[in-house]
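Asker: If you use numbering that gives the first Met the number 0, the sequence shown corresponds to residues 0 to 386, in order. The beta-carbon is built from N, C-alpha and C at its ideal position, and this holds for glycine as well.
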Amino acid sequence: MFVLVLCNCSYLNNFNNLKQNKVMQRKGVVNLPLHTGHPPKWLFTRMVDLSKAIASVIIEEYSLNEFINRLSNPFWFQAFSCVLGFDWHSSGTTTTTLGALKISLSPEEHGIYLSGGKGAKSRKTPEGIKHAGEMFNLKTKTTEKLIKTSKLSAKIDNSCIQDGFILYQHNFFITETGNWAVIQQGLNTENKYARRYHWMGENVDKLLENPHSGISCDLKNPHTLNMTDKESKEAQKISVDLINDNPNHLRQYFKRKNNQMLLEDFIMPEHHPILDTDLSDEEFEVLKKAYEIQVENYEELILLKGIGPKKIRALALISDLVYGEPASWRDPVKYSFTHGGKDGFPYPVDREVYDNSISTMKDAIEQAKIKKDDKLKAIKRLDDFIS
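1. Please report the distance separating the alpha-carbon of Gln77 from that of Gly185.
2. Between Trp75 and Leu224, which are expected to be in contact by the criterion C-beta below 8 Å, what is the C-beta distance as a whole number of angstroms?
3. Beta carbon of Thr181, beta carbon of Ser215: below 8 Å?
4. For the beta strand (DSSP E) that Gly323 lies in, which residues bound it at each end?
5. For Met134, report the span of its beta strand (DSSP E) as first-last.
6. First and last residue of the alpha helix (DSSP H) that includes Arg194?
7. Give the straight-line distance between the Cα atoms of Lys140 and Tyr290, rounded to the nearest whole angstrom.
8. Let's see if you can read the secondary structure: which residues bound the alpha helix (DSSP H) around Thr92?
9. Comparing alpha-carbon positions, which option in Asp372, Lys333, Leu300 and Ala363 lies nearest Cys159?
10. Assign Asp372 to buried or exposed, taking buried as 16 or more other Cβ atoms, counted over all protein chains shown, within 10 Å of its Cβ.
11. Look up Trp179 in the DSSP assignment and give the residues it is bridged to.
12. Could you name the residues of the same chain whose beta carbon sits closer than 8 Å to that of Ile57, not counting the 5 residues immediately before and after it, in chain order?
13. What does a CB cutoff of less than 7 Å around Ser121 pick up in its chain, not counting 5 residues either side in sequence?
14. By how many angstroms is the C-alpha of Ser231 removed from the C-alpha of Asn178?
15. Can you tell me which of the three DSSP states Lys138 falls into?
16. Determine the closest residue to Ile317 out of Asp280, Pro246 and Gly305, with distance taken between C-alpha atoms.
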């Protein structure tokens, strides 16, 4: 679920007032539901033009890396979407804004390529990365690493972080220097809300250790398995050991001889949401194939075909049950849309970050090479968003 916390701040005609010590107070909470359908053609055309104008200014005045760094900021991205003219009260801000950027960003002009998309388009991401590598004359090893990074980022947010949201779109940015960023979104099929995940390549030291630049959602799930948390480091290692030591012996932790005992029969702490089904013979075959390969680390393990959320969860639970090394059950959500949520959750408003995000956006709009009327309307939408 996306939740937008609107901030009530003194916003006078002179934008510089935003940079002064004005007190911002939380005004209300708005849930962002999943919406179907498409924006009207005339609106989308203008979104493409405006997104290109703003991107061009930021890349020229700041740098290419600064542009994708801004995209990796959940609040800046949301403000950007609203400036383009899309209704912020919708999960469609992600899909439509990225769709506009995919058209407006030119590898030749801007030095950046956007691959992936929603649904079937996301599965073509590797092809897009390979194409970008050829255009930017990147080394083969660099391109291969980027493809692997794309697959890992999707696998991590879909399987290693089990927060109740299933990915339905994946977008991968590549720059001419080989830098990258990821924006992807997941769907909760029960409540029909979305959660957006942001990654910034240059800020990621280890893909499997707190890799996100931000996750947009104001509701924390107390039963989130988080295998990317530092607390899960030992559970990662034990998961690999369990597979490499022949998974046949794992059957004892699922069934008795009468096939009635499930892992859920073990007494676990309250915060441990546990499996409600057993692993089938077919699923154990996947573990056997992983054993035959003898993976060297957790990264190799989760990239194997057939190693999905259920098996990752089972290995994590057994790591705790048998070896006393629990995985983390802490939801890694970091951001509400406006850097601060209800009652200080996920964390209090960060005025400096907030002001900086808006300042960059305002400056880009003012310098954008667009019609004066369009520029004024864009500034008005930004004003409405932050007031």
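Answerer: Based on what the coordinates show:
1. The alpha-carbon separation between Gln77 and Gly185 amounts to approximately 16 Å.
2. Their Cβ separation, rounded to whole angstroms, is 29 Å, which puts Trp75 and Leu224 out of contact at 8 Å.
3. As written in the sequence, residue 181 is Val, which differs from the Thr given in the question. Cβ atoms of Val181 and Ser215: not closer than 8 Å.
4. For Gly323, there is no enclosing beta strand (DSSP E), as DSSP marks it with neither H nor E.
5. Bounds of any beta strand (DSSP E) do not take in Met134; it lies within the alpha helix (DSSP H) bounded by Thr124 to Met134.
6. No alpha helix (DSSP H) contains Arg194, which is instead part of the beta strand (DSSP E) from Tyr192 to Met199.
7. One Cα belongs to Lys140, the other to Tyr290, and the distance between them is close to 27 Å.
8. It spans Gly91 to Ser103 - the alpha helix (DSSP H) in which Thr92 sits, taken as one unbroken run.
9. Leu300 is the residue among Asp372, Lys333, Leu300 and Ala363 whose C-alpha sits nearest the C-alpha of Cys159.
10. So Asp372 counts as exposed.
11. According to the DSSP secondary-structure assignment, Trp179 is paired through a beta bridge with Ile173.
12. Correct list, in chain order: Glu65, Phe66, Arg69, Thr359 and Ala363.
13. For Ser121, same chain residues with a beta-carbon under 7 Å away, outside a window of 5 residues either side, are Gly115, Gln168 and His169 in chain order.
14. Cα to Cα, Asn178 sits roughly 28 Å from Ser231.
15. It is coil, neither helix nor strand.
16. Of the residues Asp280, Pro246 and Gly305, the one whose Cα lies closest to the Cα of Ile317 is Pro246.
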